[in-house]
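Undergrad: In the UniProt record's numbering, the protein residues as written are 1 to 359. We put the CB at the ideal spot given by N, CA and C, even for glycine. After the structure tokens below, expect a handful of questions from me.
Next up, the structure:
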């Protein structure tokens, strides 16, 4: 449990399984595959890694470099996003479909989640929905905007960090409960509570709490508690319960809080496990590689679905072939020829991403 900026293979493995949940859910298996859980896990991991790497930076440099932090985020997220947007523009030109500037700008500047809640309903006949997939990236970007300030102000005193984090987590839950009272069991409730930053950023904060607890002191004592077999089993049962209990109000309010608690226990037991079978499950080469491609897969599987629909209006074998093959090709291209060239730039500003050595 060393505080360093080395890559954690099992986290890539967790990402790999998470993106498979999202992908399978979106291509027609949403009734049995919990794609939303995959996104929640992505949120959790983002909070965990950002907090851990921020602690590493403080220990190494004795200060937090805001400029470097935001540049790392820019070079991590925008290259693949720009490629995704360019593909969509070209796609619209080919099929002679108008590009709605308001929808495009919401995607480019990471406010598509709020745009879809407060703007799209009155323009449902104009917006295409091809940018809607960026709602979760918008939440992460909003988190990246305010996290450094909170971190720098509170990290010196653990109680301040914990109080602030728990306050944000509680605020998100209260917002969800409030909207459940306003909207009841309705599509509006899901729209608000599933995709807005102030109702979902708690899923990221749970990851922040875990990293801070494990890497800022008392880590052995805390991990001993989290690795308790009974607690681990209870966390797994809790996570399973959130998936099978179908009450709509519960699903849009307390579900995310319980999943946050469950992941708080489950994730460290996966990352630091000594059980060889579990390590193989999360660290085998295939799932780790899928995890590394997860950001590109998240973007381009959505584009591939729209591309497939333009060729096959009905979901057929041909549609599945187009979606799967195009997702693999686009994601591979994006990762290797768009994302990787920016690795050196990110490392110049303190990123932990590793450059692959040529054999």
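Does residue 156 come out as helix, strand or coil in the three-state DSSP assignment?
TA: Stepping through the chain shown from its first residue, residue 156 is reached at position 156. Residue state, collapsed to three classes: coil.
Undergrad: Thinking C-alpha only, which one of 279, 186, 312 and 266 is nearest residue 225?
TA: Residue 225 sits at position 225 when you count from the first residue of the chain shown. Nearest of 279, 186, 312 and 266 to residue 225, Cα basis: 266.
Undergrad: With distances taken Cα to Cα, identify the nearest neighbour of residue 295 among 81, 8 and 275.
TA: In the chain shown, residue 295 corresponds to position 295, counting from 1. For the residues 81, 8 and 275, the minimum Cα distance to residue 295 belongs to 81.
Undergrad: Excluding five sequence neighbours on each side, which residues of the same chain lie with their C-beta closer than 7 Å to the C-beta of residue 28?
TA: As a position in the chain shown, residue 28 is number 28, starting the count at 1. Here the set comprises 315.
Undergrad: By a C-beta neighbour count over all protein chains shown, 10 Å radius and 16 as the cutoff for buried, is residue 167 buried or exposed?
TA: As a working note, residue 167 is residue 167 in the chain shown. The residue in question, residue 167, is exposed, as its Cβ has fewer than 16 Cβ neighbours within 10 Å.
Undergrad: Please list the terminal residues of the continuous alpha helix (DSSP H) segment that includes residue 223.
TA: Indexing the chain shown from 1 puts residue 223 at position 223. Element bounds for residue 223: 219-226.
Undergrad: Can you grab the Cα-Cα spacing for the pair residue 103 / residue 195, in whole Å?
TA: On the chain shown, residue 103 is found 103 positions in, with the first residue counted as 1. On the chain shown, residue 195 is found 195 positions in, with the first residue counted as 1. Distance between the alpha carbons of residue 103 and residue 195: 16 Å.
Undergrad: According to the neighbour-count rule (16 or more other Cβ atoms, all chains shown, within 10 Å of its Cβ), is residue 160 buried or exposed?
TA: To locate residue 160, count along the chain shown from 1; it is residue 160. So residue 160 counts as exposed.
Undergrad: So residue 107 is in the alpha helix (DSSP H); what residue range does that whole segment cover?
TA: Position 107 of the chain shown holds residue 107. 101-108 is the extent of the alpha helix (DSSP H) around residue 107.
Undergrad: Where does residue 55 land, buried or exposed, given buried means 16+ other C-beta within 10 angstroms?
TA: Counted from its first residue, the chain shown places residue 55 at position 55. Counting Cβ neighbours within 10 Å, residue 55 comes out buried, since at least 16 surround it.
Undergrad: So, at 7 Å on beta carbons, what are the nonlocal neighbours of residue 8 in its own chain, with the 5 sequence-adjacent residues on each side left out?
TA: For the purposes of this step, residue 8 is identified with residue 8 of the chain shown, where counting begins at 1. Cβ neighbours of residue 8 beyond the five flanking positions: 271.
Undergrad: Provide the residue span of the alpha helix (DSSP H) that contains residue 73, from first to last.
TA: Within the chain shown, residue 73 is the residue found at index 73, counting from 1. 66-94 is the span of the alpha helix (DSSP H), which, as asked, contains residue 73.
Undergrad: Starting from the Cα of residue 347, find the closest Cα among 24, 15 and 73 and give me that residue.
TA: As a working mapping, residue 347 is identified with position 347 in the chain shown. The shortest Cα separation from residue 347 among 24, 15 and 73 belongs to 73.
Undergrad: With a threshold of 6 Å on Cβ separation, who are the neighbours of residue 209 within its own chain once the five nearest residues in sequence on each side are excluded?
TA: Against the chain shown, residue 209 aligns to sequence position 209. Excluding residues within five positions, the ones whose Cβ falls inside 6 Å are 165.
Undergrad: Is DSSP giving residue 202 helix, strand or coil here?
TA: By 1-based counting over the chain shown, the position of residue 202 is 202. The answer is helix: DSSP assigns residue 202 an H, G or I state.
Undergrad: I need the DSSP call for residue 359, collapsed to helix, strand or coil.
TA: Residue mapping note: residue 359 aligns to position 359 of the chain shown, counting from 1. With a pLDDT of 37 at residue 359, under the threshold of 50, the predicted position of this residue should be treated as unreliable, though the coordinate-derived value follows. Coil.
Undergrad: To which residues of the same chain is residue 17 closer than 7 Å at the C-beta, ignoring the five residues directly before and after it?
TA: Stepping through the chain shown from its first residue, residue 17 is reached at position 17. So the list reads 287, once near-sequence residues are dropped.
Undergrad: Can you tell me where the alpha helix (DSSP H) with residue 33 in it begins and where it stops?
TA: By 1-based counting over the chain shown, the position of residue 33 is 33. Note, residue 33: premise wrong, no alpha helix (DSSP H); not H, not E.
Undergrad: Does the separation of the CB atoms of residue 40 and residue 203 fall below 8 Å?
TA: Stepping through the chain shown from its first residue, residue 40 is reached at position 40. Stepping through the chain shown from its first residue, residue 203 is reached at position 203. Yes; because the gap between Cβ atoms is below 8 Å, this pair is in contact.
Undergrad: May I ask you to report which of helix, strand or coil DSSP gives residue 97?
TA: In the chain shown, counting from the first residue as 1, residue 97 sits at position 97. Correct three-state label for residue 97: coil.
Undergrad: Quick one: is residue 12 buried, meaning 16 or more other Cβ sit within 10 Å of its Cβ, or exposed?
TA: Locating residue 12 in the chain shown gives position 12, where the first residue counts as 1. Looking at its Cβ environment, which holds 16 or more other Cβ atoms inside 10 Å, residue 12 is buried.
Undergrad: Might you give, ordered along the chain, the residues of its own chain that have their beta carbon closer than 8 Å to the beta carbon of residue 231, omitting 5 neighbours on each side?
TA: Residue mapping note: residue 231 aligns to position 231 of the chain shown, counting from 1. Within the same chain, residue 231 has close Cβ partners 225 and 265.
Undergrad: Taking all protein chains shown into account, decide if residue 268 is buried (16 or more other Cβ within 10 angstroms of its Cβ) or exposed.
TA: Here the question's residue 268 lines up with position 268 in the chain shown. When all chains shown are included, residue 268 counts as buried.
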